[in-house]
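Enquirer: Please see the structure below; I have some questions.
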Amino acid sequence: MAGVFEVEVDGVEHDHGLQHHDHGIQHHDEPHQFDVSKLSPEEKWRVEHAKMHAKHKGHEAMHAEMVLILIVTLVVAQLVLVQWKQRHPKSYNLVTLFQMWVVPLYFTTKLHWWRFLTTWFIFSVITAYISFRATRKPLSCTTPRLVYKWFLLLYKISYATGIVGYTVVMFTLFGINLIFRIKPEDAMDFGVSLLFYGLYYGVLGRDFAEMCADFMASTVGYYSASGMPTKHLSDNICAVCGQPILVDVSEEGIIENTYRLSCNHVFHEFCIRGWCIVGKKQMCPYCKEKVDLKRMFSNPWERPHVMYGQLLDWLRYLVAWQPVIIGFVQGINYVLGLE
């Protein structure tokens, strides 16, 4: 059954240029009515626009109060989060990681985004297995390399996906999609989807990598809370995975190279890349000396990975905490009757 709506603004019914005819007879003694199912998209937008104005007319004071509540809540929430992160970083990171994992799942399930739910399930299963391996005691000698290879692979895939998505969005804005006869809305949806996948899994992967790095650092036991090493590290042993170094620093490896830090400790390429970039541990796993990433990765094509990691840190707040804050604001408005 087709829906019929009336639109009234300032006590006068408006049809925004639309007339309703019933078998050629116009009803002048009734409010203007029209069948929404027969309207064009532009006309439907006009109707919704008129209904919105009619609904919110005379509520200027209420709207100002709602905006003030939103601003105050955002400021207070930001201060609370900053203090929480400074005083109790482990609990803050754990709660943020949980929200990063759950909040998008709620919205995508509600919207029936099965493609995202499929990738989320695959990511969750593999990451759960990797995290389980990283938290075992005693730690298996093959676990650190497995952990860092997975998160490094995930990091590269998310980085590439985000770049492709951003490129598609920019090409669509400049109209390049028309050369390939692709509709702008289709190209934009594709680009935004890739950008969302890249950023979301990039943030979530980095958080899980940092959690696994904390567990393995304490399990490997090369340094203690006081900063003093608890056992000796041989010259030909990687301090991250505990496996022998097979390729000399000056040699070019077939699968991976060997890196030497400024403190003269050597590591497998996959291990130190995962430790410093993916796990956000910018210090030597053995002696905790500060690592100069620009010196270690002199290739200019690798430096944007560090900047990309900083961007993901900023986006974590937007994805994990912003929906919670907005929901809290809506709760305040509901309690005060500001609807």
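With full-length UniProt numbering, letter number 60 in the sequence shown gets 60, and the count goes up by one each step, no holes. No residue lacks a Cβ here, since even glycine has one placed at the ideal position from N, Cα and C.
(1) Candidates 285, 244, 245 and 252: which alpha carbon is nearest residue 342's?
(2) What residue range is occupied by the uninterrupted alpha helix (DSSP H) comprising residue 334?
(3) Taking the straight line between their C-alpha atoms, what separation do you get for residue 186 and residue 175?
(4) Return the first residue and the last residue of the beta strand (DSSP E) that residue 286 is part of.
(5) In terms of DSSP beta bridges, what is residue 237 paired with?
(6) Locate the beta strand (DSSP E) running through residue 317, then write down its first and last residues.
(7) Leaving out five residues before and five after residue 84 in sequence, what residues of the same chain have Cβ atoms less than 6 Å from its Cβ?
(8) Closer than 7 Å by C-beta to residue 123: which residues in its own chain qualify, once you throw out the five before and the five after it? Chain order, please.
(9) With residue 174 as the anchor, note down where its beta strand (DSSP E) starts and where it stops.
(10) Mapping the DSSP letters down to three states, classify residue 268 as helix, strand or coil.
(11) Among 206, 82 and 81, which residue has its Cα nearest to the Cα of residue 147?
(12) Taking the straight line between their C-alpha atoms, what separation do you get for residue 105 and residue 275?
(13) Are residue 270 and residue 145 closer than 8 Å when you measure CB to CB?
(14) In its own chain, which residues sit with a C-beta less than 6 Å from the C-beta of residue 289, not counting the 5 before and 5 after it?
(15) Roughly how many whole angstroms lie between the Cα atoms of residue 75 and residue 243?
(16) At the 8 Å Cβ level, is residue 179 part of the contact set with chain D, yes or no?
(17) Which residues in the same chain have their Cβ closer than 8 Å to the Cβ of residue 81, if we skip the five residues on either side of it in sequence?
(18) In three-state terms, what does DSSP make of residue 260?
(19) Which value, in whole angstroms, describes the spacing of the CA atoms of residue 162 and residue 116?
(20) Just verifying my parser: in three-state terms, what is the DSSP assignment at residue 183?
(21) Got a sec? Which residues, its chain only, sit under 6 Å from residue 118 by beta carbon, not counting five neighbours each side?
(22) Where does the unbroken alpha helix (DSSP H) through residue 120 begin, and where does it stop?
(23) Cα separation between residue 46 and residue 165?
(24) In whole angstroms, what is the alpha-carbon distance linking residue 315 and residue 127?
(25) Grab me the residues of residue 61's own chain with a C-beta within less than 6 Å of its C-beta, minus the 5 sequence neighbours each way, in chain order.
(26) Taking only three categories from DSSP, how would you classify residue 137?
(27) If you draw a straight line from the alpha carbon of residue 68 to that of residue 283, how long is it in whole angstroms?
(28) Tell me the DSSP bridge mates of residue 290?
(29) Give me the Cα-Cα distance between residue 29 and residue 51, rounded to the nearest whole angstrom.
(30) In the DSSP assignment, the alpha helix (DSSP H) including residue 101 goes from what residue to what residue?
(31) Going straight from the alpha carbon of residue 114 to that of residue 249, what length do you get?
(32) Report yes if the C-beta distance between residue 151 and residue 215 is below 8 Å; otherwise report no.
(33) Within 10 angstroms of the Cβ of residue 158, are there 16 or more other Cβ atoms? Answer buried if so, exposed if not.
(34) On the premise that residue 325 lies in contact with residue 73, defined as a C-beta separation below 8 Å, what is that separation, rounded to the nearest angstrom?
Expert: The answer reads as follows:
(1) With the chain covering only 1 through 339, there is no way to say anything about residue 342.
(2) For residue 334, the uninterrupted alpha helix (DSSP H) run begins and ends at 322 to 335, by DSSP.
(3) In this model, residue 186 and residue 175 are separated by some 12 Å (Cα to Cα).
(4) The continuous stretches of beta strand (DSSP E) do not include residue 286, and DSSP gives it neither H nor E.
(5) DSSP lists 244 as partners of residue 237.
(6) For residue 317, there is no enclosing beta strand (DSSP E), as DSSP gives it neither H nor E.
(7) These residues qualify, in order along the chain: 92.
(8) Take residue 123, set aside five residues on each side of it, and the residues of its chain with a beta-carbon closer than 7 Å to its own are 201, in chain order.
(9) Annotation: residue 174 is outside any beta strand (DSSP E) and is labelled neither H nor E by DSSP.
(10) Residue 268 sits in a strand when the DSSP states are folded into three classes.
(11) Nearest to residue 147 by C-alpha distance, out of 206, 82 and 81, is 206.
(12) Taking C-alpha positions only, residue 105 is separated from residue 275 by approximately 28 Å.
(13) Yes, these two residues count as a Cβ contact at 8 Å.
(14) 263.
(15) Distance between the alpha carbons of residue 75 and residue 243 is about 49 Å.
(16) You won't find chain D in this structure, because it holds only one protein chain.
(17) Same-chain partners within the cutoff: 92, 317 and 321.
(18) Looking at residue 260 - three-state DSSP - the assignment turns out to be strand.
(19) About 15 Å.
(20) Reduced to three states, the DSSP call for residue 183 is coil.
(21) Short of 6 Å from the beta carbon of residue 118, and not among the five residues preceding or following it, lies no beta carbon of its own chain.
(22) Annotation for residue 120: the continuous alpha helix (DSSP H) segment containing it runs 114 to 134.
(23) Distance between the alpha carbons of residue 46 and residue 165 is about 32 Å.
(24) Taking the straight line joining both Cα atoms gives about 21 Å.
(25) Within the same chain, and ignoring the five residues on either side of residue 61 in sequence, no residue has its Cβ closer than 6 Å to its Cβ.
(26) For residue 137, the secondary structure class from DSSP, reduced to helix, strand or coil, is coil.
(27) Going by the C-alpha atoms only, they are around 44 Å apart.
(28) 283, per the DSSP bridge assignment.
(29) Since pLDDT at residue 29 reaches only 49, below the 50 mark, its modelled position is unreliable, and no value is offered.
(30) Taken as a continuous stretch (DSSP letters only), the alpha helix (DSSP H) holding residue 101 covers 89 to 111.
(31) Straight across, the Cα-Cα distance linking residue 114 with residue 249 is about 47 Å.
(32) In terms of Cβ geometry, residue 151 and residue 215 do not form a close pair [threshold 8 Å].
(33) So residue 158 ends up on the buried side.
(34) Right, the Cβ-Cβ distance comes to about 6 Å (below 8 Å), so this counts as a contact.
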